Amino acid sequence: MSQQTISLPKTTIEQMKKHYAAYLETAPQWAVFRAKTPAATITAYASGKVLFQGKEPEAEMRKWAGEQSAAKKKQTKQPVSSKYTPPAHLFTSSHIGSDESGTGDYFGPITTCAIYIKEDQIKLLKEIGIQDSKAITDDTIQLLSSALLEMEIPYSLMILHNEKYNQLQQQGWSQGKMKTMLHDACIKKVKEKITHAPLEGILIDQFCQPNIYIKHLATENRHLDPHTYFITKAENHSIAVAAASILARASFVREMERLSEWIDQPLLKGASQKVDQLIAKIIREHGTEVLHKIAKVHFANTKKAQQLLKH
Ligand code: MN
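Sequential numbering of the sequence shown, starting at 118, is according to this note's numbering.
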């Protein structure tokens, strides 16, 4: 005898109860119904869990498993669109894309880039392989970054070095506010470079809700440009955001190399346990103060490394 459990929506469980009307048995406590067919015993609970037991539980389960995936799909559905959702034609029109890099890495700065892509450049950029920087290796990123720079595309790149980052963080700036002000500054600079060029809109790779972004801007007396849009994973939709992600990442990688040379130690990306061990080594060799120049010190990794040193 084998058994299988799946979770189903309440409406499906009601349907099942009707479907198995001829097979219903006394239900145990907490169960909505129990039915015994030649293939299996089916017990459905108010929680949505449905248990299939007996000779061939799969034979009965197969009839309903489709409802399960439909229910799951509903849960992962995109959030409803708002006035900040980019219109579909934006991706094929002249627009500015903006993205950042380094926010989840303990070592190294945050780099941000905004870039202006003209409608007639989109096809070529796709052809040379401009895509999400997370999907490609550091070497390819350097190649694509050089290709973009040769094309003399208007862009603005900003690096928030660690000392300044740590200072702002101490002053109470969240990383969200730092990112907001960096995106805003880059976009402003690019707009100044393209005053007469056609511009359908500005697309920011969404890292927080648009109203939070607008709130951060307001704390520094800045306002959202009209026709500014947000979407998560924007680099999958927009060549401009993909190009911005490549330039931002290339800059982050360069900065990591520079910092590694400066401290004479290859620094690791990310914020893993290996990073904790590396921090401990650096503290042992250079002291804690040096971290302010090379790391985002408020990350939990600093404390974890200090714990490692106690043992
Ligand atoms: Mn991003």
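For glycine and all other residues, C-beta sits at the position ideal for the given N, C-alpha and C. These numbers come from a predicted model, not from an experiment.
Within its own chain, the residues whose Cβ lies closer than 7 Å to the Cβ of L265, once the five positions on either side in sequence are excluded, are A360, I363, L364, listed in chain order.
In the structure shown, I247 falls within a coil segment according to DSSP collapsed to helix, strand and coil. Approximately 13 Å separates the beta-carbon atoms of H212 and E352; this is outside 8 Å, ruling out the contact.
For S362, the shortest C-beta to heavy atom distance toward ligand 1 is below 7 Å.
By the 16-neighbour rule on beta-carbons within 10 angstroms, D222 is buried. With 5 Å as the limit, the residues whose C-beta approaches a heavy atom of ligand 1 more closely than that are D216, D322, in chain order. The Cβ-Cβ distance between A152 and L168 does not fall below 8 Å.
Between the alpha carbons of K180 and Q248 lies a gap of roughly 41 Å. Here the alpha carbons of D381 and Q288 stand approximately 30 Å from one another.
At the C-beta level, I276 and I232 stay beyond 8 Å of one another. Out of K240, L299, H340, the CA that lies nearest to the CA of G219 is found in L299. S119 is the residue among P126, E184, K391, S119 whose C-alpha sits nearest the C-alpha of A157. In terms of CA proximity to R401, Q424 leads the group Q259, Q424, S368.
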